[in-house]
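Participant: Just so we're aligned, residue 32 is where the sequence shown starts under our numbering, counting upward by one. Let me give you the structure first, and then I'll get to my questions.
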Amino acid sequence: MNFEQNLQKLEALVESLQNPALGMDESLKIYAEAIELSKTCIDELRSKKGKFELLTKELERLNLDVDVEED
32 MNFEQNLQKL EALVESLQNP ALGMDESLKI YAEAIELSKT CIDELRSKKG
82 KFELLTKELE RLNLDVDVEE D
């Protein structure tokens with residue numbers, strides 16, 4: 032699943048945990064699944080953040096190169 036699908040699934044799990052009729056065992060199972068999905072989403076966000084930072088640094092370097100050439 033991609034990030035958006037994982038996030039939708041996580042939202043559905045959280046919503047289902049709000050059901051007062053849910054038993055303790057089922058709640059624990061859903062909670063564990065939500066935690067694992069949260070970890071997956073966080074890892075992907077960290078990865079994307081790293082890529083974003085690398086691209087930003089590359090853009091800054093390119094802009095500096097252009098500024099030097101213009102002088």
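Beta carbons are placed, not taken as given, at the ideal position from N, Cα and C, and that holds for glycine.
(1) Checking 8 Å against the spacing of the C-beta atoms, do Cys-72 and Asn-33 come in under that value?
(2) What first and last residue would you give for the alpha helix (DSSP H) that runs through Gln-39?
(3) What is the rounded straight-line gap between the Cα of Val-45 and the Cα of Tyr-62?
(4) Mind checking whether Leu-41 and Ser-58 have CB atoms under 8 Å apart?
Facilitator: This is what the structure holds:
(1) Reading the sequence shown from its first residue, position 41 is the one you call residue 72. Reading the sequence shown from its first residue, position 2 is the one you call residue 33. No, they are not a contact pair.
(2) Taking the sequence shown and counting its residues from 1, the one referred to as residue 39 is at position 8. Unbroken alpha helix (DSSP H) run through Gln-39: 34-48.
(3) As a working note, residue 45 is residue 14 in the sequence shown. As a working note, residue 62 is residue 31 in the sequence shown. Approximately 8 Å between the Cα atoms of the pair.
(4) By one-based count along the sequence shown, residue 41 stands at place 10. By one-based count along the sequence shown, residue 58 stands at place 27. Contact flag unset, no.
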